[in-house]
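Numbering (the UniProt record's numbering), first residue to last: 1 to 219. For each residue, glycine too, the CB sits at the ideal point set by N, CA and C. As the structure is a computational prediction, the values presented were derived from the model and not from experiment.
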């Protein structure tokens, strides 16, 4: 039987095995045999090799009990209150009302992992990333509305006008539109339009839609 079966023994049974080991002149085979005879079992509870290992631990530590493993540390209630207070203060001072874990950890002199656990598991604060975006200024709403109306009115007059924007020097692309994929789209459109003239019109409206969305981000 494997060595791990020794964990199934009680403290009294382990003490009996140790006693039999020393009574039999430190003979592990005879000690196990005598233990089986007394308990009226044919096999187990451990091999002679496992008994010798248990005796070595007993001689080193002087104990026969099962040692507890590493116990997870519990978060103190005082730490919860301190983190909650620091979160309220930090969010009130932040422009976006956000809280940074490193800042709270540095202010309270508390491990980073502990602060993160409290925020996630207790306070239900989850991390997110803020990406820089275009900051809207006063009057931007009017500029965006004017541009959209002028753009749509120009398309009604001339549906090919977006192509002129794409190839003009004043065009500026953002997002997924780049000179490379725009040029590829033009070549693909012209090649398909030779067989079906309606495709050119459909693709032009598609480009207008994508173009208006990307240009809308500029303002």
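8 Å contact criterion, which residue i and residue j should meet: CB distance rounded
i, j, result
"residue 110", "residue 79", "7 Å"
"residue 55", "residue 18", "7 Å"
"residue 86", "residue 107", "6 Å"
Buried or exposed (CB count within 10 angstroms, at least 16 for buried), residue i
i, result
"residue 45", "buried"
"residue 38", "exposed"
"residue 149", "exposed"
"residue 28", "buried"
"residue 153", "exposed"
"residue 10", "exposed"
"residue 119", "buried"
"residue 51", "buried"
"residue 20", "buried"
"residue 8", "exposed"
"residue 95", "exposed"
"residue 122", "exposed"
"residue 88", "exposed"
"residue 32", "buried"
"residue 101", "buried"
Distance CB(residue i)-CB(residue j) smaller than 8 Å
i, j, result
"residue 91", "residue 98", "yes"
"residue 15", "residue 76", "no"
"residue 24", "residue 13", "no"
Unbroken alpha helix (DSSP H) run spanning residue i, endpoints
i, result
"residue 93", "77-93"
"residue 32", "28-39"
"residue 140", "140-157"
"residue 220", "Past the edges of the chain, shown from 1 to 219, lies residue 220, and the structure says nothing about it."
"residue 113", "112-117"
"residue 106", "101-108"
"residue 52", "48-61"
Beta carbon proximity, residue i to chain C, threshold 8 Å
i, result
"residue 83", "The structure shown has no chain C; it contains just one protein chain."
Self-check item: Stretch pair the stretch 139-155 + the stretch 113-120: three plus CB contacts closer than 8 Å
Solution: With the cut-off at 8 Å, the stretch 139-155 and the stretch 113-120 do not touch.
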